[in-house]
Structures are given as structure tokens and as C-alpha cells.
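This report refers to the structure that appears directly beneath it.
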Amino acid sequence: MLRAIDAPFPAHVQTGYSTEPKAPEAKDRYEIPIPKKINYIWLGRTFEDFDQTEIQACVKDNPDYRVRLWLDDFSMLEMEGPSGLPRVFPRASLNIYTSGMNKAISSTHINKTFAMLVRAQMEFYKVRLNKQLRAQIPTVQKFQDFLQQNDLHNVDLLFLSDFYEALFHAEHQRNQNSLCYPSLQPSSLASRWDNLGPEVRLLQWALFERYRGNYAAASNLLRVQLLQTYPGIYVDHHTTVPSIGDITGFRFALTAEHTASQSFLASAPNHPCLQYFRYCILQNYDSLLRDDFKCVTLDYTTMKKPTDPSDFQNPYFTETYSLSGPGAFFKAMKDVAEGVLGENVDISKASMKEARVNARVAKGCALDGGKDTNVVNE
2 MLRAIDAPFP
12 AHVQTGYSTE
22 PKAPEAKDRY
32 EIPIPKKINY
42 IWLGRTFEDF
52 DQTEIQACVK
62 DNPDYRVRLW
72 LDDFSMLEME
82 GPSGLPRVFP
92 RASLNIYTSG
102 MNKAISSTHI
112 NKTFAMLVRA
122 QMEFYKVRLN
132 KQLRAQIPTV
142 QKFQDFLQQN
152 DLHNVDLLFL
162 SDFYEALFHA
172 EHQRNQNSLC
182 YPSLQPSSLA
192 SRWDNLGPEV
202 RLLQWALFER
212 YRGNYAAASN
222 LLRVQLLQTY
232 PGIYVDHHTT
242 VPSIGDITGF
252 RFALTAEHTA
262 SQSFLASAPN
272 HPCLQYFRYC
282 ILQNYDSLLR
292 DDFKCVTLDY
302 TTMKKPTDPS
312 DFQNPYFTET
322 YSLSGPGAFF
332 KAMKDVAEGV
342 LGENVDISKA
352 SMKEARVNAR
362 VAKGCALDGG
372 KDTNVVNE
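Numbering (the working numbering), first residue to last: 2 to 379.
Below, the structure is given as C-alpha cells:
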């Protein structure tokens, strides 16, 4: 088992407000239990694409765990067309949101597009969908029926709009001025971006990826913040989960090629490894803003998941892999192994052979290559 890390970040990785991990407590980090909560995120627009068999097997094999299924209810409502959003947005907010989104879509400059998206999404954060409205969304109804028909009573259906709103509220309490964007211009964004807390910045990038049609990247970002806010386990919906039992510290998946993968990711509260991974993701994405988005693709039609899983030149693979996917995660864990948190750690010896997570190809491709993976304790 890997030893605890007792040192804070060195000076060369210091950043702004609350991005760096807090120094670990005196108690061994790896004695701290990981809460028995398993989180799934579904950003898909239809129920039919969701892998129903895996969550049923997970519930059956882990009766001592509570499962949380997070739905992108706002996106589902948005997909209903012109009649969807007016049911939840006040008129003034709706005008700002739709104007910003329309201008973003028509813009040929990605930095301006991102600024417009940020301003529009600030209105998005202010919306909390009520239970009555959610019950009318067809996809939500299908998920509710699925849980009831299969007696999945220990699965909680939760909604990302509540998660967004809670983080928005916390950011507003921290700094009331950080969320004020009077214009849709890049200059306004650039001057205020560093004042945002890491939680909201991460969500903004997740919404940017969702806008580009890259749901895999959006999920990569959201899972990290979910575990930071609600410690426990995250599992990809197309991943087979074994009987987990009691686990502690920080854990992740290891592919058959012995590279780190976040298809299974688990963390005790405030674990420095999770915080460092979030820090790395924010460094990757914030550099896009500083470099005027020179290294990313705006054309969301090219960001659709390719049907050929071997098309590794597709930006869906290349950008996701390096910014937030397996490449970014492997690099972060390599940094940990090389002592970035103050201690040398040999990750290669941390594999738990008795626990397996079999990440299968979903809808023609998977960023981890669809290989069998071992759960790893770090």
C-alpha cells in the first residue's frame, strides 16, 4: 500500500484561491475510510444510451453502498426545444442566456465564444429546477421508471442543476464580485477569470466541453469536482464494478498496460491526490485561455465521438486525452510518484489484484481503449 503524503505542495505549483491541496492531517490519509457512495454521471440526452445492466450489477454486488445517479436535467430540458427553457428562466435571464449562446455559436473567434458562454452560463447557475418540472421531463421519467421497475431502492436520482447552483451560491458567498460579468467580451472575462474559485472555473470548462459536444471531457471534469464536494466513488456507466467492500485513502483504475485511468476513481475527504489532479486539469484548461485557444477545436461538429475507435487523430480523442482524460490523469499520478506532493511513491506496486474493473467499449469507442483495468490503491 502506498504511504501517506504529509507535505503540502511545493512553491512551484502554487496557484490562486483554494486550488492547492490542504496539508494532510496528522492521521494517516490511507486510514481514512472512503464513504460508501458510488456516483454515476449521465450527460446523455436519451435514456436508451445509458448502460442499464452495469448499474444493476453494481447495486447487486455492493448492497452496503448507496448509489447516486446524477442526471443533466437542465440539458434534458433544453433539448425539448423552444418550450423548454422559458418554463424555468426568468425573462431577463433567458434573454441573456439565449443571446449569449446564439452569439457564441455564430462567432468564429473561440476566445470570444468562450467569454460569451461564460456570461450566458452565469444565468444558468441561478436556475434551480423544481421537482414538479423535473417530473415532466421525458428522460427523467424513464430513469425514474427504470429504478422503480427494477427495485433499485438504494439508488438516489440526483440532478446536476442542484450541484451547479450549490457551487454557484458558495462562490457568491465567497466573493460577490467574482460572478459579475457586465459584458460578453473576452477582455471582461480575462480580467476576472483568476478571481473565480477553482470549483466554478472547473464547471465553466465542463459546460464549455458540453457545448462543444465532448461529453467525455465534461464528465472527466465533473467527476473530479463531485468527489471533491461529495467524497466517495465515481464509476463510468459502462464500467463493470466488483464487490468493493471497505476501502480507504485514494484509489483509481489501472489498465492492462499498467497506465492510470479514472474510469474508477475513489477518494476520502480532501485527499491531496484528488486535489492535485484537479489542480492539473485547471492548469491544462486555463492555459487555453492564456494562449488564446490556439490548441483546441471550436467546431463542435468535429468533436463528435468518432465511430472508429482507432481514429486517434480525431480531436475528440487527442484533446480529451491530454486535457482531462487518461493522459492528464497518468501525468498527474506520475508527478505524485516522483514526489510532487513531498514524498516518493511507487504507484506500479499499488495494484489490488483481487479487485477488477472491466472498462468496456461503449458506443464504438472508449478513451481507455476498452481494456480490463485493476483498481489501484494509492
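We treat Cβ as the ideally placed atom computed from N, Cα and C, and that holds for glycine.
All of these numbers come straight from a predicted model, not from anything done at the bench.
Beta-carbon within less than 7 angstroms of residue i's beta-carbon, same chain only, minus the 5 sequence neighbours each way: which residues are those?
i, result
"Q53", "F147"
"V60", "V68, L153, N155 and V156"
"P36", "P232 and G233"
"Y235", "N40, R224, L227, L228 and L266"
"E32", "T249"
"Q145", "L158"
"R175", "G198"
"L283", "T20, P199, R202 and L203"
"V141", "L72, D74, M77 and R135"
"W206", "L222 and Y286"
"L168", "E200, V201 and L204"
"K143", "F48"
Any idea if residue i is buried or exposed, counting beta-carbon neighbours within 10 angstroms, 16 or more meaning buried?
i, result
"P64", "exposed"
"H272", "buried"
"F154", "Correcting the residue identity first, residue 154 is His in this sequence and not Phe. When all chains shown are included, H154 counts as exposed."
"T47", "exposed"
"G326", "buried"
"A136", "exposed"
"E172", "buried"
"N221", "buried"
"N215", "buried"
"E55", "buried"
"P139", "exposed"
"G250", "buried"
"R291", "exposed"
"D50", "exposed"
"R202", "buried"
"R279", "buried"
"E200", "buried"
"R252", "buried"
"S244", "exposed"
"Q149", "exposed"
"D163", "exposed"
"S384", "An answer regarding residue 384 cannot be provided, because it is not within the stretch 2 to 379 covered by the chain."
"E339", "exposed"
Could you tell me which residues DSSP pairs with residue i in its beta bridges?
i, result
"F67", "In the sequence as presented, Phe is not what sits at residue 67; that position holds Arg. In the DSSP output, where bridge partners are listed per residue, R67 has K38."
"D74", "According to DSSP, which records beta bridges pairwise, D74 is partnered with nothing at all."
"Y235", "N40 and L266"
"L159", "W71"
Tell me whether residue i sits in a helix, a strand or coil according to DSSP, three-state version.
i, result
"F396", "As displayed, the chain neither begins before 2 nor continues past 379, which places residue 396 out of reach and without an answer."
"L134", "helix"
"D247", "coil"
"L153", "coil"
"I382", "A question about residue 382 goes unanswered here, because the residues of the chain that appear run from 2 up to 379."
"L222", "helix"
"E320", "helix"
"E395", "Nothing about residue 395 can be read from this structure; the chain reaches only from 2 to 379."
"N215", "coil"
"D292", "coil"
"N176", "coil"
"I282", "helix"
"G328", "helix"
"N271", "coil"
"L197", "coil"
"R202", "helix"
"R46", "coil"
For residue i, which residues of its own chain have a beta-carbon under 8 angstroms away from its beta-carbon, when the five flanking residues on both sides are left out?
i, result
"L159", "R69, L70, W71 and L72"
"Q57", "N151 and L153"
"T260", "P327 and F331"
"N285", "S323, L324, S325 and A329"
"V242", "I39, E55, A58, C59, D62, N63, V236, F265 and V358"
"R281", "Before going on, a small fix: residue 281 reads as Cys here, not Arg. Cβ within range, chain order: A329, K332, A333 and D336."
Residues in the same chain with beta-carbon distance under 6 angstroms from residue i, minus the five sequence neighbours each way, listed in chain order, please.
i, result
"E210", "A218 and A219"
"L161", "W71 and D73"
"E355", "Any reading at E355 must be qualified, since the residue scores a pLDDT of 39, below 50, and its modelled position is unreliable; the value itself is stated next. Excluding positions up to five away in sequence, the list is empty."
"Y66", "K37 and I39"
Open item on the list: Closer than 8 angstroms is the cut-off here; do at least three beta carbon pairs connect the segment 229-249 with the segment 263-281?
Closed with: Here the segment 229-249 makes contact with the segment 263-281; the two share three or more CB pairs at distances below 8 angstroms.
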